[in-house]
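Just add 102 to the spot in the sequence shown (first one is 1) and you have the working numbering. Where a beta carbon is used, it is the ideal one built from N, C-alpha and C, also for glycine. Computed from a predicted model, the values in this text were never measured in an experiment.
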Amino acid sequence: MVPMMKQIIFLFTALTTLSGAMNAADLCAGPFAPLNVAGLTFSCGSLSFSNFSVAPATPATVHPEIEVTHADTNGGTVNLTFSPNLSAAAAPLDIYFTFQVTGGITQFGLGVGGSGATIIERGCGVPIPTSGPAFNLCPTSKPIDGSIIAFSSPATNSALSSIFPSASTLYFFKDIAVKPGGSLITFNESFTPTSPVVVSSVPEPISILLFGTGLIGLAALSRRVHRR
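Structural data, given as structure tokens:
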């Protein structure tokens with residue numbers, strides 16, 4: 103009986119762990135602790151975000167870290183908040199931030215906080231080169247799908263790209279600069295999907311199937327225990 107009970111406990115633990123892993127990547131499901139974007143892959147609404155890279159643009163910039171601190175959807179539009187925690191003293195700071203968005207986008211927006219900060223952002227329908235003469239630029243064979251620039255207040259601290267033909271995958275590059283004496287604690291991103299999905303709290307069908315299968319297994323093991 104003891105080995106059988108161990109099997110039941112193991113099955114229940116595996117079921118709980120697998121179910122949690124399936125839902126952990128959906129940042130729009132609820133509040134979460136700040137997550138370093140390095141190596142991170144997550145979804146929100148109908149979009150998936152991956153291949154994050156953060157690098158100093160100048161030798162004077164200490165290798166930065168960027169965290170995603172908030173994610174939600176509003177009318178299908180996906181909204182993200184990032185925290186680079188940059189503070190420039192005597193020398194300016196400049197970093198490059200790139201990532202990939204999959205799921206179809208027709209427009210993106212940017213909001214910049216802090217003071218003395220500037221973010222130049224472009225989205226491209228093909229991968230952006232990481233070396234060579236076209237470093238961090240969209241290849242000339244593929245026009246830029248969107249390009250915007252935003253500054254800290256009191257300048258134009260938000261910008262919205264023009265509407266462009268939907269691209270199933272879009273590659274983003276940001277040049278984030280902070281003047282001496284300035285700072286950039288957070289900035290916001292918005293993405294308008296081609297096919298917006300409103301996030302609901304109704305369990306996913308696959309999660310229901312997984313949970314139901316687990317319950318059937320537990321019931322079968324329980325009957326075997328009673329027969330013995």
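For Asn181, the first and last residue of its enclosing beta strand (DSSP E) | Thr179 to Ser185
Collapsed DSSP secondary structure at Leu129 in the structure displayed | helix
Per the contact definition of three or more C-beta pairs closer than 8 Å, is the segment 211–226 in contact with the segment 276–291?
-> yes
Got a sec, what are the start and stop residues for the beta strand (DSSP E) Ala269 sits in?
-> Ala269 to Leu286
Reduced DSSP category for Gly234 - H, G, I as helix; E, B as strand; rest coil | coil
Apart from the five residues just before and just after Pro158, which ones in its own chain have a Cβ nearer than 6 Å to its Cβ?
-> His165 and Ile197
For Ser255 and Ala269, the rounded distance between their alpha carbons = 31 Å
Would you kindly check if the distance between the Cβ of Ala252 and the Cβ of Gly67 is under 8 Å?
-> With the chain covering only 103 through 330, there is no way to say anything about residue 67.
Compare the C-alpha of Cys130 against each of Val139, Leu182 and Lys281 and name the closest.
-> Leu182
Going by beta carbon distance, what residues of the same chain come within less than 7 Å of Ala116, once the five residues before and after it are set aside?
-> Note that Ala116 scores 42 on pLDDT, short of 50, meaning its location in the model is unreliable; the coordinates nonetheless yield the value given after this. Answer for Ala116: no residue qualifies.
Going by C-alpha distance, which of Ile278, Gly132 and Ser263 is nearest Thr175?
-> Gly132
Among Phe275, Thr271 and Pro295, the one whose alpha carbon lies nearest that of Phe154 | Phe275
Just tell me which of Pro161, Phe184, Val280 and Phe144 has its CA closest to the CA of Gln202.
-> Phe144
Whose CA, out of Cys146, Thr171, Val156 and Leu142, lies closest to the CA of Ala135?
-> Thr171
With Asp174 as the anchor, note down where its beta strand (DSSP E) starts and where it stops.
-> Glu169 to Asn176
Identity of the residue in Pro267, Asp128 and Glu167 nearest Gly225 by Cα = Pro267
Using alpha carbons as the reference points, say which of Thr294, Ala279 and Ser292 lies closest to Thr160.
-> Ala279
Option nearest Leu195 by Cα separation, candidates Ala127, Leu142 and Lys281 | Lys281
Could you check the C-alpha separation between Gly248 and Gly227 for me, to the nearest Å?
-> 9 Å
Roughly how many angstroms separate the alpha carbons of Thr271 and Pro235, rounded to a whole number?
-> 24 Å
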